[in-house]
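Structure first, commentary second.
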Amino acid sequence: MTAPSELPNKGPRPPGELQELERVWKIPTGFRLISAVNNQVIGILYIGIAFLFFLLAGVLGLVMRTQLALPENDLVSQDLYNQIFTVHGTTMMFLFAVPVVEALGVMLLPQMLAARDLPFPRLSAFAIWAYIVGGLVFFSTIFYDLAPKGGWFMYPPLTLKEYSPADNADFWLLGIGFIEISAIAGAIEIIVGTLRTRPPGMSLAKMPVFAWAMLIFAAMIMIAFPAVILATMLLEIERSFGWPFFSAEKGGDPLLWQHLFWFFGHPEVYIIFLPAAGLVSMIVPTMARHPLVGYRLIVVALIGTGFFSFGLWVHHMFTTGIPSLSLGFFSAASMAVAIPSGIQVFSWIATIASSKERFRITTPSLFVLGFLFIFTVGGVTGVMVALVPVDFQVHDTYFVVAHFHYVLIGGMVFPLFATFYYWIPAFSRNMLSERLGRWVFWLMFIGFNVTFFPMHIMGLLGMPRRVWTYPEDLGWGMLNMVSSVGSYILAVGVLLFVIDLLLRFRPTVENSVDDPWGAGTLEWLPTGAYSTRSIPFVQSRDPLWDQPNLAREVEQGLHFLPGAPTGGRETIVTSAVDARPQYIIRMPGPGWAHLVAAVFMAAAFLLLTVKMVTVAIICAVVSISACLVWGWKLDHGPGGGKVDIGAGIRLPTYMAGPRSHAWWAMMVLILVASSLYISYVFSYLYLWIVSPEVWAPHGSPALPGAGWPVGTALLLVAGTAAMVLTRWLLPEPGRREPAVPLLLALAAICLVGASLAEVWAHWSTGLRPAQNSYGAMVYMGSVINLQVVLAVAVLAGFAIARYLTGKLDQERRVNFENCALLYYYAAGQMLFGLLLLHGFPRLAG
Amino acid sequence: MAKLEEMRRPEQGTKAFPMLLYLSAGPLLWAGHLTFVYMAHTAICALAGSPAAATAVLLVATGLFLLPLGFLLFKQFRLARLLGLGEAIEDRSIYDGIALFANVLSFVGIAWSGLAVAMLSSCVLGR
Chain E
116 MTAPSELPNK
126 GPRPPGELQE
136 LERVWKIPTG
146 FRLISAVNNQ
156 VIGILYIGIA
166 FLFFLLAGVL
176 GLVMRTQLAL
186 PENDLVSQDL
196 YNQIFTVHGT
206 TMMFLFAVPV
216 VEALGVMLLP
226 QMLAARDLPF
236 PRLSAFAIWA
246 YIVGGLVFFS
256 TIFYDLAPKG
266 GWFMYPPLTL
276 KEYSPADNAD
286 FWLLGIGFIE
296 ISAIAGAIEI
306 IVGTLRTRPP
316 GMSLAKMPVF
326 AWAMLIFAAM
336 IMIAFPAVIL
346 ATMLLEIERS
356 FGWPFFSAEK
366 GGDPLLWQHL
376 FWFFGHPEVY
386 IIFLPAAGLV
396 SMIVPTMARH
406 PLVGYRLIVV
416 ALIGTGFFSF
426 GLWVHHMFTT
436 GIPSLSLGFF
446 SAASMAVAIP
456 SGIQVFSWIA
466 TIASSKERFR
476 ITTPSLFVLG
486 FLFIFTVGGV
496 TGVMVALVPV
506 DFQVHDTYFV
516 VAHFHYVLIG
526 GMVFPLFATF
536 YYWIPAFSRN
546 MLSERLGRWV
556 FWLMFIGFNV
566 TFFPMHIMGL
576 LGMPRRVWTY
586 PEDLGWGMLN
596 MVSSVGSYIL
606 AVGVLLFVID
616 LLLRFRPTVE
626 NSVDDPWGAG
636 TLEWLPTGAY
646 STRSIPFVQS
656 RDPLWDQPNL
666 AREVEQGLHF
676 LPGAPTGGRE
686 TIVTSAVDAR
696 PQYIIRMPGP
706 GWAHLVAAVF
716 MAAAFLLLTV
726 KMVTVAIICA
736 VVSISACLVW
746 GWKLDHGPGG
756 GKVDIGAGIR
766 LPTYMAGPRS
776 HAWWAMMVLI
786 LVASSLYISY
796 VFSYLYLWIV
806 SPEVWAPHGS
816 PALPGAGWPV
826 GTALLLVAGT
836 AAMVLTRWLL
846 PEPGRREPAV
856 PLLLALAAIC
866 LVGASLAEVW
876 AHWSTGLRPA
886 QNSYGAMVYM
896 GSVINLQVVL
906 AVAVLAGFAI
916 ARYLTGKLDQ
926 ERRVNFENCA
936 LLYYYAAGQM
946 LFGLLLLHGF
956 PRLAG
Chain S
447 MAKLEEMRRP
457 EQGTKAFPML
467 LYLSAGPLLW
477 AGHLTFVYMA
487 HTAICALAGS
497 PAAATAVLLV
507 ATGLFLLPLG
517 FLLFKQFRLA
527 RLLGLGEAIE
537 DRSIYDGIAL
547 FANVLSFVGI
557 AWSGLAVAML
567 SSCVLGR
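Chains as they are written, first to last, in this note's numbering: chain E, 116 to 960; chain S, 447 to 573.
Structure follows, in structure tokens:
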């Protein structure tokens, strides 16, 4: 318990302080609500839309089960069935599972960390609106016979132009690629938010497990998603321009898609599961009224799962013909991931067993117990399919369908429903009904098992997945009928939940139900639109249990930052490990620019799908312009001086350099870019291994002379030197240094020139991208470089404009630093690319 | 327990990168092992077509990755000192525990996957 003398601020607080806080954080009303960026508002919207996609994809699931209930049924045509299972899987994985956990992060993390908001509220809002527009358009393709048909993993060669000539596959490739970008934007927000906006005193070791899970979840997105973004780029480019990445006759390989897809796809399962496990780790201690047993082990399990999940992708490819030593190696790795998952399960059981009184059986507890049962069954069948001989037998059968539904619905949907019942009181005037909740649970639990357990047997009997119908004499009819009946029971459970939601969920940020479960973590503090009245000084992992007066003290404004000293939205940025206050971040309020940027960005991607290139480019320009308008107002500069947050601590209201949240966000973005590039390098080497005969200098035109790469490298070095010099020459505030914009422009020109020189060097040898896989990979390197180069050019132009308007100097330099960091990375990536594309063929040839 | 006084000295806090490295040193070695084994095995089988060479190289690599991990298990605090993580860090024992268990898990992961390398000696396609 905090002694009064140790409280950061004294009461009573000055009159008007709370009113100022309320004014600053006021949520817009009426139609302006869509311009809101408060995490509670966009969090509810985000979760609501993700849940809508769950319902829509669920309806598609019911249609499939109805079709399969009887043998030789013709309720839907084969072609429509193909579209339905593709959209069902794609929607569940890309439009529901990942977004909903990201939404929970946006919704719960600021409250759990007692931050006033996440550090980039408009970035969150941008990501959400982009997802909503892109997702709804993608889903609607099922109504126009435009939906993709290649299954949720869209394997080539089926999805190449020859076998899927219409635009259906393009909707998947561009739509999902775009939504992945939105997910990455959310991940950047979560990483920086979790590491830098925790309340003072909440060291990493005191961080709630959910925050750990979200941190690892976001880090996994950074590594995994770029692989599938690259894959979608390659396939779309092959479909549109004929660059043969996946066409075997020109040195490509369809298996490259599988490698890239599953390097994303397997971690994706854990990307979905880890946050759900984090939620369970929050609910179980509350219901057991006992701190989580084995906190350290749970953190280890999260870290271990995060790493191990990247070593398993090949187990999706056991039947594709890979060396048997690889089979053994990846089989062993696949079994090893059961250890960290098992640690978590035993930890939860131990917490339940340690309960001082009886473990409370509430609706959230029931869903947690249901999760434990179903997920464990799914885990056991997971170990089975990790065994190569078993996988050979059940690959692409209903056994696998049963397995992954046990893992995904058990591991994610049941915890999600537990979450709804547990956390809705924090954001609603009413709790959901306990009585109805138990009906919902039992209907879902029974319905789920009746639906999916028989599928194990169907699979063992040889029923392949994705079949539209089956002959009666195969004997699968009864099991399919049982499964279909189960699916309707499951659907009734979900429907009851929706009814309960409509009857009782009344969103509010101020008049929510007070901590009905007696939980110990900060999201149960009294809140308003500004989050908590003051930001608590945290001294334990379960502060509401260990600091009994905390809620009252926080509400009286006796902790940190009880007002809005800068007159705008702000929160405290703390150090990443110990959570010591470092500075005040000033955050933007409601606005339209991010909304315009999101809508037009989505439009640009979707118009590309139907080959309306000119309009798409116009939309992209509008979107980028809106981003620049949005970014222009973000850098307030150091003019606000220092402000008092309590305990005699005066913090600056501006920060540049490695302590700044902008610097951290840029570093995270660079990690994403490097992950994309590493995937490219893998693809290059992979295709070389597969088809060395098309590689230069023997199978393709000879490489450009050594003068080309050397000259390009010199351009890159010169540009980098100009950038370094610019940093040195940035003037004192109020002074001018004419060389600054010139050097920035010179640096940008060097970078653009280097990328063009690289393209021309290969073009002049006669090499063409559609010639063979070597040519395609060479020019693809330039495409990837060009993305970063364009971003740097825009940032350099932006920095020049900031300088010319007196908003860039030695102190106010965040815009320059962002540009410089990305520049150094781009130059490094391109130098490495020169070594790879000019050096490797010479070495290997 | 964190003291209010400590909140006034942000410059004396623990650096983020060394701490993240300390916590994830074992898993990073595991990742290095996986990357090396996958790449080396593919390359040796594709270029040299020699199962014996593949097995030998990978067994040696597994041993080489286990060595530093074994060192970390017994001399974990030396790494902490090397990374500039002092004894006085708040909750130090929790970080030590996380690092230790992560190292144990990674050791098991490398040794277990390495067993497959020792038991199978083949570049033949798996089906």
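Glycine residues also receive a C-beta, built at the ideal position from the N, C-alpha and C atoms.
Exposure label - residue i; buried when at least 16 CB within 10 Å
i, result
"residue 485/S", "exposed"
"residue 588/E", "exposed"
"residue 360/E", "buried"
"residue 732/E", "exposed"
"residue 593/E", "exposed"
"residue 534/E", "buried"
"residue 638/E", "buried"
"residue 950/E", "exposed"
"residue 885/E", "exposed"
"residue 615/E", "buried"
"residue 948/E", "buried"
"residue 166/E", "buried"
C-beta atoms of residue i and residue j nearer than 8 Å
i, j, result
"residue 324/E", "residue 396/E", "yes"
"residue 879/E", "residue 900/E", "no"
"residue 560/E", "residue 289/E", "no"
"residue 625/E", "residue 643/E", "yes"
"residue 471/E", "residue 404/E", "yes"
"residue 158/E", "residue 218/E", "yes"
"residue 931/E", "residue 845/E", "yes"
"residue 271/E", "residue 406/E", "no"
"residue 683/E", "residue 139/E", "yes"
"residue 954/E", "residue 795/E", "no"
"residue 129/E", "residue 674/E", "no"
"residue 70/E", "residue 311/E", "Beyond the ends of chain E as shown, which are 116 and 960, falls residue 70/E; an answer cannot be given."
"residue 465/E", "residue 409/E", "yes"
"residue 462/S", "residue 691/E", "yes"
"residue 234/E", "residue 776/E", "yes"
"residue 653/E", "residue 316/E", "yes"
"residue 544/S", "residue 656/E", "no"
"residue 679/E", "residue 685/E", "yes"
"residue 552/S", "residue 505/S", "no"
Within-8 Å CB hit, residue i to chain C
i, result
"residue 533/S", "In the displayed structure, chain C is absent; the protein chains listed are E and S."
Same chain, Cβ closer than 8 Å to residue i, neighbours up to 5 away in sequence not counted
i, result
"residue 515/E", "500, 509, 574 and 580"
"residue 883/E", "890"
"residue 606/E", "173, 177 and 562"
"residue 757/E", "765, 766, 767 and 768"
Close-in-space but distant-in-sequence residues of the same chain around residue i (CB under 7 Å, 5 per side omitted)
i, result
"residue 450/S", "none"
"residue 946/E", "828 and 831"
"residue 525/S", "468, 471 and 518"
"residue 787/E", "299, 337 and 341"
Residues near residue i by beta carbon distance below 6 Å, same chain, minus five either side
i, result
"residue 229/E", "314, 637, 647, 650 and 651"
Checklist entry - Would you say the segment 298-310 of chain E touches the segment 328-343 of chain E, given that touching needs at least three Cβ pairs under 8 Å? => result The answer is yes - the segment 328-343 of chain E touches the segment 298-310 of chain E, with three or more Cβ pairs under 8 Å.
Item to check | Uninterrupted alpha helix (DSSP H) stretches inside the segment 799-824 of chain E (no shorter than 4 residues) | outcome: Runs of the alpha helix (DSSP H) inside the segment 799-824 of chain E: none found.
Next on the checklist: I'd like the ranges of any alpha helix (DSSP H) spanning at least 4 consecutive residues and lying wholly in the segment 344-381 of chain E.
Outcome noted: With a minimum length of 4 residues, no continuous alpha helix (DSSP H) run stays inside the segment 344-381 of chain E.
Item to check | Meets three-Cβ-pair contact criterion under 8 Å: the segment 190-201 of chain E and the segment 257-274 of chain E | outcome: Judged by pairs of C-beta atoms under 8 Å, the segment 190-201 of chain E touches the segment 257-274 of chain E, as three or more such pairs exist.
Item to check | Length-filtered (3 minimum) beta strand (DSSP E) runs lying within the segment 662-739 of chain E | outcome: 684-689 and 696-702
Checklist entry - Taking one C-beta from the segment 691-698 of chain E and one from the segment 766-773 of chain E each time, how about it: are there three or more such pairs within less than 8 Å? => result yes
Checklist entry - Which residue spans inside the segment 287-315 of chain E form an unbroken beta strand (DSSP E) run of at least 3? => result none
Checklist entry - Using 8 Å as the Cβ pair cut-off and three pairs as the minimum, do the segment 472-479 of chain S and the segment 421-428 of chain E touch? => result yes
Next on the checklist: Quick check on the DSSP output: what are the complete alpha helix (DSSP H) runs of length 4 or more inside the segment 513-595 of chain E, in order along the chain?
Outcome noted: 513-523, 529-542 and 549-575
Checklist entry - Which runs of the alpha helix (DSSP H), 4 residues or longer, sit entirely within the segment 201-281 of chain E? => result 213-227 and 236-255
Next on the checklist: Report the start-end ranges of each alpha helix (DSSP H) in the segment 467-512 of chain E that is 4 residues or longer and not cut off at the edges.
Outcome noted: 478-501 and 503-509
Item to check | Every unbroken alpha helix (DSSP H) inside the segment 146-206 of chain E [4 residues or more] | outcome: 154-184 and 193-205
Next on the checklist: In chain order, what are the residue ranges of uninterrupted alpha helix (DSSP H) at least 4 long that sit wholly in the segment 598-674 of chain E?
Outcome noted: 658-661 and 665-670
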